[in-house]
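Residue numbers (this note's numbering): 1196 to 1353.
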């Protein structure tokens, strides 16, 4: 029994210690860089359908579904947006969203499978003329993250 527990929890302990993911696992709060949010709990049957619909409603298509023994990830394609900045210069942003569902192994039953603790992650960059720079301070991305986060929270059980 101890061997099973060590096998299950070792990857989580490794992530927390080696990649500074501790804030990622704090429920109901934003993490360090304001680009990840806890959005609730959902079932195996609902995770892909709800996330896909919400991403599509916000003009993000699905690029990849990733499943492992500990998590599911739904990754959108990059969406390119152009906005005028304060100096009326056209600024290019590229943005994508990733829904990460951590499997709750204690939740399994024959009728509803697993439950997932879900986190929304955003990657947002603007092009400064030479390179893409990570940015989470523009009004555009703040509004975009909040809208998608709120839609997921309404659909998932928080």
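Ideal Cβ positions, reconstructed from N, Cα and C, are used throughout, including at glycine.
Only a predicted model underlies this, so the values are computations on that prediction, with no experimental measurement involved.
Rounded separation between residue i and residue j - CA only
{"i": "residue 1339", "j": "residue 1348", "result": "14 Å"}
{"i": "residue 1221", "j": "residue 1235", "result": "Unreliable positioning characterises residue 1221 in this predicted model, as indicated by a pLDDT of 34, which lies under 50. A coordinate reading is not provided."}
{"i": "residue 1313", "j": "residue 1233", "result": "6 Å"}
{"i": "residue 1216", "j": "residue 1352", "result": "Annotation note: pLDDT 38 at residue 1216 (below 50); position unreliable, coordinate value reported separately. Their Cα atoms are separated by approximately 23 Å."}
{"i": "residue 1304", "j": "residue 1231", "result": "29 Å"}
{"i": "residue 1258", "j": "residue 1243", "result": "13 Å"}
{"i": "residue 1261", "j": "residue 1269", "result": "6 Å"}
{"i": "residue 1318", "j": "residue 1331", "result": "8 Å"}
Cβ neighbour criterion (16 or more within 10 Å) applied to residue i
{"i": "residue 1256", "result": "exposed"}
{"i": "residue 1294", "result": "buried"}
{"i": "residue 1267", "result": "buried"}
{"i": "residue 1296", "result": "buried"}
{"i": "residue 1323", "result": "exposed"}
DSSP beta-bridge partners of residue i
{"i": "residue 1231", "result": "1316"}
{"i": "residue 1298", "result": "1311"}
Close-in-space but distant-in-sequence residues of the same chain around residue i (CB under 7 Å, 5 per side omitted)
{"i": "residue 1343", "result": "1249, 1253, 1292, 1315"}
Own chain, CB closer than 6 Å to residue i, minus 5 neighbours either side, in chain order
{"i": "residue 1275", "result": "1289"}
{"i": "residue 1247", "result": "1257"}
{"i": "residue 1329", "result": "1320"}
Cβ-based neighbour list, residue i, same chain, cut-off 8 Å, excluding 5 preceding and 5 following
{"i": "residue 1238", "result": "1307, 1308, 1309, 1310, 1311"}
{"i": "residue 1302", "result": "1309, 1310"}
Which whole runs of the alpha helix (DSSP H) in the region 1311-1353 are 4 residues long or more, in chain order?
Those alpha helix (DSSP H) runs which fall completely within the region 1311-1353 and span 4+ residues are 1334-1350.
Quick check on the DSSP output: what are the complete beta strand (DSSP E) runs of length 3 or more inside the region 1240-1275, in order along the chain?
When DSSP assignments are scanned along the region 1240-1275, the uninterrupted stretches of beta strand (DSSP E) that are 3 or more residues long and fall wholly within it turn out to be 1257-1262, 1266-1271.
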